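Protein chains in written order, with this note's numbering: chain A, 2 to 532; chain B, 1214 to 1618.
This is the structure:
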């Protein structure tokens, strides 16, 4: 068998693609995942990281709500190291209609979501950062999920099941024989190397960019890009997710995620051509802060770390050219039955929360095409790293008295933290001081998680995600990448890209301490290190 | 249901620019590699602790609370407060018997005072030190401060009448050391103030400022003391319109800054009226008051600024006051921590670190070779006397010695 032949090729290294690869690989298929950039670079890594209970959709979209709560419970089991089981509040403020609360609670219960009306005073004690003026509160099983970690764990598990991954590789065309897709032409964006891969089935899991890939294959999928902007605050202000108990609107969710918290989002329809260049506008920043402070007043005085925007892959439910019939539900298109194009499937729509279900649906479709009969197991078998339910248990098992960095590593890597080499002074040294990431942890990521740039490394370890935004860790991590890849010049350019990318997120909120920090970073890199 | 109370962040930790100057200035980090350093233990660690108390690191106990990191910080981050607050909030290990004993300075003082000669004789014995070292882990090298048979409070109460004749009045927060161990310092202050036409009163009933309770994991008791003392201060400051003086830089820092910042005890209405005696006296002299100095007085003095005094920015008052005394040959010692930090250096596990931290200071004292070292802190005094053999005097006592009787 040719090394470039597979059972299925998956295009797109977001959570849908990684999840689909895992599912396919677990069902015994030979899989290849192709991603033009890095994992989780699209909508996967550009959202709240909210582990939806489904409550937000309960009133208007009961079907999505039911999907969310089912997947919520599954992810708690299979992805414990990516998930923070915080719980969430839906608060009613004096300007909101308190009558909506009952509608909301009823809808939640109908969808199978436990929603408990609690006394506002209890809510204030449970979450001291909450707006003290609240007049109503409902507790729901929201949480937070780290999309980078989740994506990496899916990719890793696929690899452990024999899957292959080509990152920084773009599909330049399809290999077509008559009405059948036989494979793809690819080009590595870093080396320029061009390779063809073959498989009887190709899955388009490219989110909003799926429209482009479909076009390349000769079919039409109408996407409706909607930009959502978010702000990251420099530390956790809240430990419970805070939502507004009203019809979903702008900036009404505050999610605690690892060491930060995130407010969002906005929703603006944008032309497809702008998908690659979305930027956060001053109006969006103002709106996010103003509305965010209504959820937690201290946000108005908390340092903002970054602003970013993602593009939701909304898709017309069927061939509705007007876009009126937009769904956030899962859309799986078998282009053979839809367009007469064999060997090609598009999986899109949906959301981070339902990625596993999307993957299951897509994999079922792949298996049907290949005549493979094997049940999906992704809801039952934990992801690598999630074999223990808590990071405390992980850390205590690996180390007798874990240091803060070891505890932090256990929280990031789950049971895989056992792979970190420790005990040696050099391995224990910290690369990232803000997030406490050791040399050993970076090395473990480079070894197993397909790291070629500093930005890749950031997505896998949180290096550069802390308050200093790469000021101290970037150059240290670059040193380790030089050792791994053996090229100083390449790493120098990478370091510049990385810092530029960090500044891009700082720029829209570039005032106060964030600006001081950025200025200081500039001194360090420009004046001291001569970059 | 998960109730949580760990989301509020104080002490300006977000203003940290990660410049690491605090780490460069931390005296502990250079002597003890187990300590994560002020940046790591302070603003960096705080972000993780806000995520979950699990990320609290026991190694924060190695912090001296000398506050040199705060003096060094160009961004106004209260690094030491962050560290001490984290210890108060997250460290649930109950204090050991030894730590309780070391921390209860006023209780131990009131026990020891009636039998002071016996206690002093016993604590001075080599065999006692060996036993304390082995059982309680109080380092054998340490000299316990001697207890006095007569408390300072009793001494001053007997002179209440003669103090009331002075037109101007101040209240004196003497602290445990003056009351139980070294009343002479209090007497010296009374002498100097009386010479300036100022009478001295006691607070109705003062309790230990509580610093040793805070650093030994007994913040509940410390908060009780703080509330009690602030009520006492209000009586003196608000009702009687008095300034309240201390002769201990650490008592002053604790009452002014640790009460609101670490214990959450509001002292805003009295804070500005609590002063170190040298500042009060210096300001009086600046305004035209004068003291009559002995003729032919001569002292070669090396002045050590206690860390807590440096944090308050008041070292200058003690320096200038000493330099005003005719016949004083003055050397300002470099800014260094002596390493004892109250009860820290008494603990066996800290002894070596404590001495290593103090060594640059000790070496400079030896090379200056003064007749006496001046310093406003009693625990610096014990440390320097034990480690160098030089006598250490509070600037107030030097002043009292230099003025005419």
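Don't be surprised by glycine CBs; every beta carbon is placed ideally from N, CA and C.
This structure is a prediction, so every number in the text was calculated from the model and none was measured.
Original post:
Can you check whether the CB of residue 1565(B) is closer than 8 angstroms to the CB of residue 304(A)?
Top reply: Taking 8 angstroms as the Cβ cut-off, residue 304(A) and residue 1565(B) do not qualify as a contacting pair.
**OP:** Starting from the Cα of residue 87(A), find the closest Cα among 241(A), 5(A), 137(A), 66(A) and give me that residue.
**Re:** Of the listed residues, the one whose Cα sits closest to residue 87(A) is 241(A).
Original post:
At a cut-off of 7 angstroms, is residue 428(A) close to the ligand FAD when judged by its beta-carbon and the heavy atoms of the ligand?
Top reply: Among the components modelled here there is no ligand, and therefore nothing to report on the ligand FAD.
Original post:
Per the contact definition of three or more C-beta pairs closer than 8 angstroms, is the segment 77-91 of chain A in contact with the segment 130-144 of chain A?
Top reply: Segment contact: the segment 130-144 of chain A against the segment 77-91 of chain A, three or more CB-CB distances shorter than 8 angstroms; contact assigned.
Subject >> Per-residue contacts from residue 1268(B) into chain A (C-beta, under 9 angstroms) >> reply: Simply 405, 408, 409, 412, 437.
Original post:
Of the residues that make up the segment 1223-1234 of chain B, which ones have a beta carbon closer than 9 angstroms to any beta carbon in chain A?
Top reply: Contact annotation: in the segment 1223-1234 of chain B, residues whose CB is within less than 9 angstroms of a CB in chain A are 1226, 1227, 1228, 1229, 1230, 1231, 1232, 1233.
**OP:** Answer with buried or exposed for residue 1181(B), where buried requires no fewer than 16 other C-beta atoms within 10 angstroms of its C-beta.
**Re:** Given that chain B is displayed from residue 1214 to residue 1618, the structure contains no residue 1181(B) and the question cannot be resolved.
Original post:
Among 246(A), 11(A), 411(A), 198(A), which has the Cα closest to the Cα of residue 117(A)?
Top reply: Taking only the C-alpha atoms, the option nearest residue 117(A) is 246(A).
**OP:** Consider the Cβ of residue 1257(B): report whether some Cβ of chain A lies at a distance smaller than 8 angstroms.
**Re:** At least one chain A Cβ lies under 8 angstroms of residue 1257(B).
**OP:** Quick one: residues in its chain with C-beta nearer than 8 angstroms to the C-beta of residue 388(A), no 5 flanking neighbours on either side, listed in chain order?
**Re:** Around residue 388(A), the same chain offers 415, 416 as residues with beta carbons nearer than 8 angstroms, after the five sequence neighbours per side are excluded.
Original post:
What did DSSP end up calling residue 257(A) once you bin it into helix, strand or coil?
Top reply: Strand at residue 257(A).
Original post:
What first and last residue would you give for the beta strand (DSSP E) that runs through residue 1382(B)?
Top reply: Its beta strand (DSSP E) spans residues 1381-1386.
**OP:** Indicate whether at least one CB of chain A lies closer than 8 angstroms to the CB of residue 1561(B).
**Re:** False, the Cβ-Cβ gap to chain A never drops below 8 angstroms.
Original post:
With DSSP run on the structure shown, which of helix, strand or coil describes residue 1286(B)?
Top reply: Note: residue 1286(B) maps to coil in three-state DSSP.
Original post:
From residue 345(A) to residue 205(A), what does the alpha carbon distance come to, in whole angstroms?
Top reply: Distance between the alpha carbons of residue 345(A) and residue 205(A) is about 7 angstroms.
**OP:** Report yes if the C-beta distance between residue 409(A) and residue 1261(B) is below 8 angstroms; otherwise report no.
**Re:** For the pair residue 409(A) and residue 1261(B), the CB atoms are nearer than the 8 angstroms cut-off.
Subject >> Proximal chain A residues relative to residue 1302(B), where beta-carbon distance stays under 9 angstroms >> reply: Per Cβ cutoff of 9 angstroms: no residues; residue 1302(B) is ~13 angstroms from chain A at best.
Original post:
Does residue 1253(B) get closer than 8 angstroms to chain A when you measure Cβ to Cβ?
Top reply: Yes, residue 1253(B) counts as interfacial toward chain A.
Subject >> With 16 other Cβ atoms within 10 Å as the buried cut-off, status of residue 531(A) >> reply: Counting Cβ neighbours within 10 Å, residue 531(A) comes out exposed, since fewer than 16 surround it.
Original post:
Do residue 14(A) and residue 33(A) have their CB atoms nearer than 8 angstroms?
Top reply: No, Cβ-Cβ distance for residue 14(A) and residue 33(A) is not below 8 angstroms.
Original post:
Using a Cβ-Cβ distance under 8 angstroms, would residue 401(A) count as near chain B?
Top reply: Not closer than 8 angstroms to any Cβ of chain B, the Cβ of residue 401(A) fails to qualify, so no.
Subject >> residue 1269(B) in three-state terms, based on DSSP >> reply: Taken through DSSP and simplified to helix, strand or coil, residue 1269(B) comes out as coil.
Subject >> Distance, residue 1495(B) Cα to residue 293(A) Cα >> reply: Cα to Cα, residue 293(A) sits roughly 52 angstroms from residue 1495(B).
**OP:** Show which residues of chain B have a CB atom less than 9 angstroms away from the CB atom of residue 473(A).
**Re:** Chain B residues near residue 473(A): 1231, 1233.
**OP:** Return no unless some Cβ of chain A is closer than 8 angstroms to the Cβ of residue 1296(B).
**Re:** Taking a beta-carbon distance threshold of 8 angstroms, residue 1296(B) does not count as an interface residue toward chain A.
Subject >> Alpha carbon of residue 1225(B) to alpha carbon of residue 1372(B), nearest angstrom >> reply: Answer to the nearest angstrom: the Cα atoms are 47 angstroms apart.
Original post:
Within 8 angstroms (strictly less), CB to CB, does residue 1261(B) reach chain A?
Top reply: Answer yes: the Cβ-Cβ gap between residue 1261(B) and chain A drops below 8 angstroms somewhere.
Original post:
Which of helix, strand or coil does DSSP assign to residue 1597(B)?
Top reply: Residue 1597(B) carries a helical assignment under DSSP once its states are collapsed to helix, strand and coil.
Original post:
residue 1604(B) to residue 1513(B), Cα distance in whole Å?
Top reply: The straight-line gap from Cα to Cα measures roughly 12 angstroms.
Original post:
Which residues of chain B have a Cβ atom closer than 8 angstroms to the Cβ of residue 252(A), listed in chain order?
Top reply: Within chain B, no residue comes near residue 252(A); the closest Cβ sits about 20 angstroms away, beyond 8 angstroms.
**OP:** Consult DSSP for residue 1533(B) and reduce its assignment to one of helix, strand or coil.
**Re:** Under the three-state reduction of DSSP, residue 1533(B) is assigned to helix.
Subject >> Rounded straight-line distance, which links the Cα of residue 338(A) to that of residue 349(A) >> reply: Approximately 17 angstroms between the Cα atoms of the pair.
Original post:
Secondary structure at residue 287(A), three-state DSSP: helix, strand or coil?
Top reply: DSSP places residue 287(A) in the helix class (H, G or I) of the three-state scheme.
Original post:
Tell me which same chain residues have a C-beta within less than 7 angstroms of the C-beta of residue 45(A), skipping the five on either side of it?
Top reply: The residues are 15, 16, 148, 152, 353.
Original post:
Would DSSP call residue 376(A) helix, strand or coil?
Top reply: It is coil, neither helix nor strand.
Original post:
At what residue ranges does the segment 460-511 of chain A contain a whole run of the alpha helix (DSSP H), taking only runs of 4 or more?
Top reply: Segments of the alpha helix (DSSP H) lying fully in the segment 460-511 of chain A: 474-486, 489-507.
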